[in-house]
Amino acid sequence: MAGMFGHLNISDTDRNFIQTAGAGVVWDAVQAYLERVNAELTAAMGVFVEETTEDFKRRFKLPGSGTLQRRGSDGRYGAVKAIGQWDVAFPLEDFGAQMASNDVDLAYMNAQELERHFQTIIAQNTNTVRLEMFKALFRESALTFVDPLQGSLTIQGLANGDAVVYPPVVGSDTEATDDHTLSSGYAVSAISDTNNPYETIRLELEEHFGAPTGGSNIVTFVDPLTLPKTEALTDFEPLEDRFVNPGDDTATLLGLPLGLPGRIVGRTNSNWIVEWRQIPATYALSIHLDAPKPLIKRKDPADTGLGEGLQLIAENESFPFKGSFWRHRFGFGVGNRLNGVAMIISAAGYSVPSAFA
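The numbering used here applies: residue 46 is where the sequence shown begins, and numbers increase by one.
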């Protein structure tokens with residue numbers, strides 16, 4: 046991430062003060078900087094977020110199933126109708142921070158100090174977006190969000206064994222409920238070829254999205270403590286160190302997925318294994334990269350003029366940093382409740398990580 050002083054067109058020295066650049070130049074530079082930061086965050090969300098919408102509620106309709114009817118010589122076919130659907134909704138909340146100053150502080154503030162304040166707020170925004178994504182993905186039960194204009198909305202998570210019936214899984218003709226918030230039934234220390242959580246995850250996703258020849262494009266994010274037992278699995282293929290030239294008889298991973306947060310460490314049981322230190326200990330989070338993503342992000346309607354992403358809202362553009370507000374209005378809800386598995390690797394049943402409860 047480039048420094049703010051690059052956008053201000055002033056050199057990075059203690060003697061070049063923000064006052065030299067002028068408040069109007071600072072204002073324009075910050076706006077340009079935020080546009081780029083918002084674009085970077087949008088790219089990161091692309092792994093989990095299918096789209097951004099102004100809708101507050103959606104209804105997913107499903108095709109029916111079954112077989113055609115056998116007709117006699119003078120009979121008629123019975124009428125059929127597609128059934129099956131689920132409703133989802135999306136919250137919209139207001140997150141923000143304030144940076145306060147005065148003309149004296151501004152006159153003596155150098156570029157590095159101003160950038161430090163900016164980066165603090167930008168880090169808070171990144172952490173907030175990630176936290177809200179995790180809350181939506183690890184949620185076990187629906188919650189009620191009170192929208193000031195639309196009333197009470199039911200925000201769903203991944204399939205959780207509730208009364209919703211989903212399309213027949215591959216190899217079946219019957220709609221059924223499903224649960225994608227799982228417990229492995231054994232601890233991390235017990236992961237083995239027999240107790241393999243990645244096989245459970247693969248089967249859970251492939252039954253909805255198919256099992257192509259050559260393996261599925263599933264990614265599972267884990268915390269660092271889960272890696273040693275994962276790497277000990279017989280079919281685990283590590284991603285070779287990019288500074289090491291592998292030998293002629295060494296398996297080489299192909300088709301690495303791009304743009305993933307964390308660090309790809311290898312592949313096992315049709316799962317790309319990614320170490321992501323933001324994942325809570327003893328948990329795994331998986332999605333199918335070739336299926337519609339699970340999350341939908343809600344934003345304000347365009348005609349409100351409120352904008353999208355992290356924005357600088359100044360009380361007075363002539364002196365923007367005397368009292369400036371940074372705002373990000375958004376909310377996440379799960380739309381595709383079948384593309385995702387949240388798993389606790391534990392002998393106990395599933396529970397939401399305490400940080401995301």
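Don't be surprised by glycine CBs; every beta carbon is placed ideally from N, CA and C.
Nearest to residue i by alpha carbon, out of the options?
{"i": "E220", "options": "S229, L227, A208", "result": "A208"}
{"i": "T199", "options": "G206, N205, V191", "result": "V191"}
{"i": "D223", "options": "P212, F163, G216", "result": "P212"}
{"i": "H253", "options": "P398, A142, G216, F375", "result": "G216"}
{"i": "R374", "options": "F140, V210, R103", "result": "F140"}
{"i": "R247", "options": "L357, N316, G230", "result": "N316"}
{"i": "V210", "options": "I309, Q130, G311, V264", "result": "Q130"}
{"i": "S261", "options": "L113, A181, D335", "result": "D335"}
{"i": "G196", "options": "D150, Y243, A134, D218", "result": "A134"}
{"i": "P391", "options": "P242, V319, L278, A277", "result": "It should be pointed out that residue 391 corresponds to Ser in this sequence rather than to Pro. Residue P242 is the option with its Cα nearest to S391."}
{"i": "K180", "options": "A232, S234, T226", "result": "T226"}
{"i": "Y328", "options": "G352, L278, P269", "result": "P269"}
{"i": "L355", "options": "Q164, T279, Q114, R103", "result": "Q164"}
{"i": "V232", "options": "S399, L203, I389", "result": "Residue identity differs from the one stated: residue 232 is Ala in this sequence, not Val. Minimum Cα distance to A232 is reached at I389."}
Just how far apart, CA to CA, sit residue i and residue j?
{"i": "A393", "j": "L330", "result": "17 Å"}
{"i": "N147", "j": "I167", "result": "21 Å"}
{"i": "T239", "j": "M144", "result": "55 Å"}
{"i": "T112", "j": "N384", "result": "26 Å"}
{"i": "T97", "j": "F183", "result": "20 Å"}
{"i": "R205", "j": "S186", "result": "One detail in the question is off: residue 205 reads as Asn in this sequence, not Arg. Looking at the two C-alpha atoms, the distance is approximately 7 Å."}
{"i": "S229", "j": "T245", "result": "8 Å"}
{"i": "I358", "j": "V149", "result": "21 Å"}
{"i": "D132", "j": "N381", "result": "10 Å"}
{"i": "R104", "j": "V125", "result": "21 Å"}
{"i": "M46", "j": "G91", "result": "Only weak support exists for where M46 lies, its pLDDT of 43 falling under 50; the value from the coordinates is given anyway. In a straight line, the C-alpha of M46 is about 19 Å away from that of G91."}
{"i": "P325", "j": "G255", "result": "29 Å"}
Between which two residues does the beta strand (DSSP E) carrying residue i extend?
{"i": "H333", "result": "328–333"}
{"i": "I263", "result": "263–267"}
{"i": "T226", "result": "226–228"}
{"i": "D139", "result": "138–145"}
{"i": "E220", "result": "That residue, E220, is in no beta strand (DSSP E); it is neither H nor E in DSSP."}
{"i": "G311", "result": "308–313"}
I need the DSSP call for residue i, collapsed to helix, strand or coil.
{"i": "E95", "result": "strand"}
{"i": "A359", "result": "strand"}
{"i": "I236", "result": "coil"}
{"i": "S396", "result": "coil"}
{"i": "M46", "result": "For M46, the pLDDT reaches just 43, beneath the cut-off of 50, and the residue's location in the model is therefore unreliable, although a value from the coordinates is still provided. Three-state DSSP puts M46 in coil, outside helix and strand."}
Using C-beta distances below 7 Å, list every residue in its chain close to residue i, excluding the 5 sequence neighbours before and after it, in chain order.
{"i": "G350", "result": "none"}
{"i": "A142", "result": "I166, Q169, W371"}
Looking only at its own chain, which residues have a Cβ that is under 8 Å from the Cβ of residue i, when we skip the five neighbours before and after it?
{"i": "E99", "result": "R343, K344, D345, P346, A347"}
{"i": "V94", "result": "M178, K338, L340, I341, K342, F377"}
{"i": "L137", "result": "F101, D192, R343, K344, D345, R374, F375, G376"}
{"i": "A402", "result": "none"}
{"i": "R308", "result": "V319, E320, W321"}
{"i": "S234", "result": "K274"}
For residue i, which residues in the same chain have their Cβ closer than 6 Å to its Cβ, ignoring the five residues on either side in sequence?
{"i": "S396", "result": "none"}
{"i": "E249", "result": "V386"}
Taking the alpha helix (DSSP H) that residue i falls in, what are its first and last residues?
{"i": "T245", "result": "242–254"}
{"i": "K274", "result": "272–276"}
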